[in-house]
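Undergrad: Quick one: the structure is below, and I'll ask about it shortly.
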Amino acid sequence: MNAREVLLDKYSARVYKNRKEHIIEVDKNIPDQQITANTRTIPGIMTNRGCCYAGCKGVVLGPIKDVLTLTHGPIGCGFYSWGTRRNKARTESGENFIQYCFSTDMQEPDIVFGGEKKLRQAIKEAMEIFNPKCILICSTCPVGLIGDDIHAVAAETEKEYGITCIAFSCEGYKGVSQSGGHHIANNGLMRRVIGTGDRPAKTKYSVNILGEYNIGGDSWEIERVLKKIGYEVVSVFTGNGSIEAIKNSHHANLNLVQCHRSINYIAEMMKTKYGTDWIKVNFIGLEATISSLRDMAAFFGDPELSARTEEVIAEELAAIAEEREYYRSKLKGKTAALYVGGSRAHHYQLLLKDFGVETVLAGYEFAHRDDYEGRDVIPTIKEDADSKNIESIEVEADPEKFRVYLSPERYEELKGKIQLDTYDGMIKDMNSGSIVVDDLNHFETKEFTRLLKPDIFFSGIKDKYEIQKNGVLSRQLHSYDYSGPYAGFNGAINFGRDLTMGLYTPAWGYINPPWKTKSVLKASLAGGDK
Amino acid sequence: MLNLTPKKIYERSALRVNPCKTCQPVGALYAALGVHKCMPHSHGSQGCVSYHRTFLTRHFKEPAIASTSSFTEGASVFGGGSNLKTGVKNVFDIYDPDIIAVHTTCLSETIGDDLNAYIQDMDLPEGKIVVHTNTPSYVGSHINGFFNMMCGFINYLSQSTGVKNGKTAIFPGFVNPGDIREMKKIAKLMNVPFVMFPDQSGVMDAPMSGHYEMYPKGGTTIPEIVGLGDCEKVLALGELTCEEPANVLERKCGVPYELLPLPIGIEGTDRFVMALSEISHDDVPYELEEERGQLVDVMLDAHPYYHDKKVAIFGDPDTVLGLTSFALELGMIPKYVITGTPGEGFVRKATALFDKFGVFDCTAKAGADLFELHQWIKNESVDLLLGTSYGKQIAKAEDIPFVRAGFPVLDRYAHSYFPIVGYRGALRLLELISNALMDRRDKDAADEDLDVVM
Chain A
14 MNAREVLLDK YSARVYKNRK EHIIEVDKNI PDQQITANTR TIPGIMTNRG
64 CCYAGCKGVV LGPIKDVLTL THGPIGCGFY SWGTRRNKAR TESGENFIQY
114 CFSTDMQEPD IVFGGEKKLR QAIKEAMEIF NPKCILICST CPVGLIGDDI
164 HAVAAETEKE YGITCIAFSC EGYKGVSQSG GHHIANNGLM RRVIGTGDRP
214 AKTKYSVNIL GEYNIGGDSW EIERVLKKIG YEVVSVFTGN GSIEAIKNSH
264 HANLNLVQCH RSINYIAEMM KTKYGTDWIK VNFIGLEATI SSLRDMAAFF
314 GDPELSARTE EVIAEELAAI AEEREYYRSK LKGKTAALYV GGSRAHHYQL
364 LLKDFGVETV LAGYEFAHRD DYEGRDVIPT IKEDADSKNI ESIEVEADPE
414 KFRVYLSPER YEELKGKIQL DTYDGMIKDM NSGSIVVDDL NHFETKEFTR
464 LLKPDIFFSG IKDKYEIQKN GVLSRQLHSY DYSGPYAGFN GAINFGRDLT
514 MGLYTPAWGY INPPWKTKSV LKASLAGGDK
Chain B
4 MLNLTPKKIY ERSALRVNPC KTCQPVGALY AALGVHKCMP HSHGSQGCVS
54 YHRTFLTRHF KEPAIASTSS FTEGASVFGG GSNLKTGVKN VFDIYDPDII
104 AVHTTCLSET IGDDLNAYIQ DMDLPEGKIV VHTNTPSYVG SHINGFFNMM
154 CGFINYLSQS TGVKNGKTAI FPGFVNPGDI REMKKIAKLM NVPFVMFPDQ
204 SGVMDAPMSG HYEMYPKGGT TIPEIVGLGD CEKVLALGEL TCEEPANVLE
254 RKCGVPYELL PLPIGIEGTD RFVMALSEIS HDDVPYELEE ERGQLVDVML
304 DAHPYYHDKK VAIFGDPDTV LGLTSFALEL GMIPKYVITG TPGEGFVRKA
354 TALFDKFGVF DCTAKAGADL FELHQWIKNE SVDLLLGTSY GKQIAKAEDI
404 PFVRAGFPVL DRYAHSYFPI VGYRGALRLL ELISNALMDR RDKDAADEDL
454 DVVM
């Protein structure tokens, strides 16, 4: 039996039946290997997944620094999503909403008699104290159940205070993971924010970075490189994010999609509504970054830009060459398992490859089949009751703002060369024999650690200490263990340094006390005269 | 940092900003982790338990296990009975705990799931147990969840056989494993046979062995929880945290209880030691007297560095009251004393402490938040902040020395291994406080004023 079969064998019949569809061993000889994803987690299984609110408020909306994001619900949800995702943001004035947690802190009477009154009052107080230009309301589980109409309150707020107020019905029970929340946040931004600004881009080489949340400062490293080449970054969704910038994002000529899962809806809708093409980029990993930069240059098709791109690549590589070689010498030949979100498990494989580390297992927490298999499978994905509950909005070409950058001929020419308006998924980048697991759980983490013996297991905080207690290094790829950036050229070196440090820290050598390997009693037992 | 916080204080009745509390379920989860071979189970949407496990893991830097009923929209409409049934079956199948401790969430509470009925209807494997408690997130705080889970265990399990077991039950309150170890040490030195409930030591401070144990050695055992009903007495530490479970046990099994403050500082610890001494009818051993004497010795030695310094203290009610008491014993002025957990008892007790030590112009508030505390500080500052990790924002904004204590401490390591309770815990607090204040003095000193000897 291979590792997959050994593991599945331990499950009861019902769980086996479910989980076997979510775990595959990559086999390059089989075309179009299928995996089941974005379906319910079985109750009782210790999943790492979060909820719709976590995807909406926690991931997509939370990083926006110039809006007051108000959680409507009991205190917990707002509290847990307060300053915990390391979305770095700075402002010139120092006024930064993401340092704050705002909640209506609903109490029992609000649940019994309805919470709209308290929400209205909270907004009134927020206006008096903070006077924000924009308020985002995010609801938690009980709000939907008791039927508070947060959208009506948002509309009233706009009328009364003349500000933008957008409501997001992202109750935790919606969908099967954070994924539904990403979609709801995408819908809200698309409907109400994108396209409402009238500040045109300054240059031809204008881009938005989509699905980059500036964790550990990743976005700043990416922007540094892009600006050095000569790109204009119009907006970032939503790392160090600004609602003002997002309003103007439709003026950019190209969308760069970093995290496909959380933001692909906006990429697609902007393509339909404003004609903006998107390319799937990956700024995690040196080779991946270089290839993304070349794809961008190819899109704009300007020889000067291409030359400048090569120049910057050479400069950046030269600056890190020595450190890169050093960390590669320390890491080469190691193996890794990755379990993260909906894109990083793919992205980090390429960074690991830069350092000679092979991936033996990779899994996504809340991905859909297209994140594994590529967007070509989207028409074949069957909608189930859970995904139907998440609204899909239809957009049409905006008669005034729709414009296409590429000529039809250029589009066709490029289509074959780069991932233009599409994404090929994670599995295509993986070797035969490696394992792919969707919604990996606590038990499977433990078992696969035992069976595959990776040198490093990348995951999140809930797994980290379980893995390390088993004697295997675990690094968090959600928070970067409070380090970073890991993106771009400098980020790759930070990553190499952190990984090397983790593998070689002397503490690993002290796990077994000397008396476990040498008998301390021996001398006194053997030597009768002692 | 926190540049949007104005000095002018507005009355707020609805908007909570920068809370100093969280929701009930996480407290229930922590209480359940203090029971040996127990799987905490969250009956709600899976996001809740994801947040709670994350949160506890960040505080302890240890795995915090818990399963979930993984509600979807369907379960939210039709009830979570079948999710719980499937969940419990899978947990026993895959993770094999001896007991599952279910707590509810605002989701299952709002739809009115009847956990009693669900659990009664279950076919459980031989010898396995499921208990539950109700923890609506819209009532109280994580402290309520913690004591509600204790009540859940007692309600389901504790029995009075009519024959006393000669033990004293100690309810340690919402504290760290390091604190529990210190309480146990004191009880052992006092020759009092005891049951600690709950007991996260040996669970949330498990050692590195190279082999992950899903259920580490620690935790109150099920027979011990059953046997709570035969205990001679309960010492309930933390008056605002442990009264309810002590009450429930008294009503159910007739075990009398004595409510005590958390043994933080001299007087708090004295009261704990005296209560133990009344039970054992023994003298206090020299070892404890020595620890106490050492503490007083250092308190005298170092007093110029903290006497009359103003401190703002924030966190959970009993912890904050203990820290306030010790601050007063040190001669400090607890200028602002807040907890996010609602309840008038807190203010009454804090005010009684102010009165006892004759300090004026100190403010205590329950149901407060860190935004409000920050505004007070902007109007009249303090010399030291003492509380949970989120205080670091205020400390940075206002450039005030900061000592971490209580729950949560997310941004430091090893803290949960060391006590703040007992004489030793007080000595540690004293060291942290005086170091913070003295570091500050060194940092601010002109070159000619920098003292090598202090």
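Heads up: the sequence lines are chains A and B, in that order. With the working numbering applied, the first sequence corresponds to residues 14 to 543, in that order. With the working numbering applied, the second sequence corresponds to residues 4 to 457, in that order. Each residue gets a CB set at the ideal place from its N, CA and C atoms; glycine is no exception.
Span of the beta strand (DSSP E) holding Val28(A)?
TA: First-last for Val28(A): Ala26 to Arg32, but that is the alpha helix (DSSP H), not the beta strand (DSSP E).
Undergrad: Counting only beta-carbon separations shorter than 9 Å, does Lys64(B) have a partner in chain A?
TA: Closer than 9 Å: yes.
Undergrad: So with CB distances below 8 Å, who are the chain B contacts of Asn525(A)?
TA: Going along chain B in sequence order, the residues near Asn525(A) (Cβ under 8 Å) are Gly213.
Undergrad: If you pair each beta-carbon of the segment 391-408 of chain A with each one of the segment 366-375 of chain A, do three or more pairs fall below 8 Å?
TA: Output reads no: the segment 366-375 of chain A does not touch the segment 391-408 of chain A.
Undergrad: Under 9 Å between the Cβ atoms of Gly425(B) and Pro266(B)?
TA: Yes. Within cutoff.
Undergrad: What is the DSSP secondary structure of Glu371(A), counted as helix, strand or coil?
TA: Correct three-state label for Glu371(A): strand.
Undergrad: Within its chain, find whatever has a CB closer than 8 Å to the CB of Gln489(A); leave out the 5 residues flanking it on each side and keep chain order.
TA: Cβ within range, chain order: Phe471, Ser472, Gly473, Ile474 and Lys477.
Undergrad: Please report whether the beta-carbon of Cys147(A) lies at a distance below 9 Å from any beta-carbon of chain B.
TA: No, Cys147(A) lies away from the interface with chain B (no Cβ there is under 9 Å from its Cβ).
Undergrad: If we count the other Cβ atoms within 10 Å of its Cβ and call it buried at 16 or more, is Leu486(A) buried or exposed?
TA: Leu486(A) should be labelled buried.
Undergrad: What's the gap between the Cα of Ile68(B) and the Cα of Ala429(B)?
TA: Those two C-alpha atoms are separated by around 31 Å.
Undergrad: Identify every run of the alpha helix (DSSP H) within the segment 258-292 of chain A, keeping only runs that are complete inside it and at least 4 residues long; order them along the chain.
TA: Here the runs fully enclosed are 273-287.
Undergrad: Could you pull the DSSP bridge partners for Leu343(B) from this structure?
TA: This sequence places Gly at residue 343(B); Leu is not what is there. Answer is none; Gly343(B) lacks a bridge partner.
Undergrad: Residues bridged to Phe58(B) by DSSP?
TA: The partner list for Phe58(B) (beta bridge, DSSP) is empty, contrary to what the question assumes.
Undergrad: Can you give me the C-alpha to C-alpha distance between Gln123(B) and Gln120(A), rounded to a whole angstrom?
TA: Straight-line Cα distance between these residues: approximately 30 Å.
Undergrad: Output yes or no for whether 9 Å exceeds the beta carbon distance between Thr327(B) and Phe410(B).
TA: For Thr327(B) and Phe410(B), no; Cβs fall outside 9 Å.
Undergrad: Are any of the Cβ atoms in chain B nearer than 9 Å to that of Ile474(A)?
TA: So, interface residue.
Undergrad: If I measure Cβ to Cβ from Glu404(A) and keep anything under 8 Å in the same chain, skipping five residues before and after, which residues do I get?
TA: For Glu404(A), where only same-chain residues beyond five positions count, the Cβ hits under 8 Å are His196, Ile197 and Asn200.
Undergrad: Under a three-way DSSP split, which group does Lys543(A) fall into?
TA: Residue confidence is low: Lys543(A) scores 41 on pLDDT, short of 50, so the model does not pin down where it sits. Its coordinate-derived value is still stated next. DSSP places Lys543(A) in coil when its eight states are reduced to three.
Undergrad: Within the 9 Å Cβ cut-off, does Ala331(A) reach chain B?
TA: No, Ala331(A) does not count as interfacial toward chain B.
Undergrad: Considering only C-alpha positions, which residue in the set Lys482(A), Gly175(A), Asn61(A) and Cys154(A) is nearest to Asp208(B)?
TA: The shortest C-alpha separation from Asp208(B) is found at Lys482(A).
Undergrad: Which of helix, strand or coil does DSSP assign to Glu108(A)?
TA: Here Glu108(A) sits in coil by DSSP.
Undergrad: Would Ala135(A) and Leu464(A) be called neighbours here (beta carbons separated by less than 9 Å)?
TA: No, Cβ-Cβ distance for Ala135(A) and Leu464(A) is not below 9 Å.
Undergrad: Considering only the alpha carbon of each residue, which of Glu108(A), Ile222(A), Glu18(A) and Thr82(A) lies closest to Leu7(B)?
TA: Of Glu108(A), Ile222(A), Glu18(A) and Thr82(A), the residue nearest in Cα terms is Glu108(A).
Undergrad: Quick check on the burial criterion: 16 or more other C-beta atoms within 10 angstroms. Buried or exposed for Lys543(A)?
TA: Low confidence applies here, because Lys543(A) scores a pLDDT of 41, under 50, leaving its location unreliable; read the following figure in that light. It is exposed - the Cβ of Lys543(A) has fewer than 16 other Cβ atoms within 10 Å.
Undergrad: Can you find the residues in the same chain that come closer than 6 Å, C-beta to C-beta, to Lys347(A), ignoring five residues on each side of it along the sequence?
TA: The answer, listed in chain order, is Val370 and Asp468.
Undergrad: Using a beta-carbon distance below 9 Å, is Met282(A) in contact with chain B?
TA: No - not a single Cβ of chain B is within 9 Å of the one on Met282(A).
Undergrad: Inspect the beta-carbon positions of Gly562(A) and Pro28(B) and report whether they are closer than 9 Å.
TA: No answer is possible for residue 562(A): the residues shown for chain A start at 14 and end at 543.
Undergrad: Using beta carbons (cut-off 9 Å, strictly below), is Arg274(A) in contact with chain B?
TA: No, Arg274(A) lies away from the interface with chain B (no Cβ there is under 9 Å from its Cβ).
Undergrad: With 7 Å as the C-beta to C-beta threshold (strictly closer), list the residues of the segment 389-420 of chain B near chain A in chain order.
TA: Answer in chain order: Gln396.
Undergrad: Checking contacts by CB at 9 Å: is Asn483(A) closer than that to chain B?
TA: Closer than 9 Å to some Cβ of chain B, the Cβ of Asn483(A) qualifies, so yes.
Undergrad: Once the 5 residues before and after Gly257(B) are set aside, which same chain residues still bring their CB inside 7 Å of it?
TA: Hits under 7 Å: Ser163.
Undergrad: Assign Met199(B) to one of three DSSP states: helix, strand, or coil.
TA: In this structure, Met199(B) counts as strand in the three-state DSSP scheme.
Undergrad: In chain order, which beta strand (DSSP E) runs of at least 3 residues are fully inside the segment 293-380 of chain B?
TA: Taking only runs of at least 3 residues, the beta strand (DSSP E) segments lying wholly in the segment 293-380 of chain B are 313-318, 336-342 and 366-368.
Undergrad: Measure the C-alpha to C-alpha separation of Gly115(B) and Ala78(B) and round it to an integer number of angstroms.
TA: Whole-angstrom Cα-Cα distance: 12 Å.
Undergrad: Considering only the alpha carbon of each residue, which of Leu330(A), Gly288(A), Phe312(A) and Met282(A) lies closest to Leu299(A)?
TA: When only C-alpha atoms are compared, the closest one is Leu330(A).
Undergrad: Among residues of its own chain, excluding the 5 on either side of Met125(B), which ones have a beta-carbon nearer than 7 Å to its beta-carbon?
TA: Correct list, in chain order: Lys88, Val91 and Val133.
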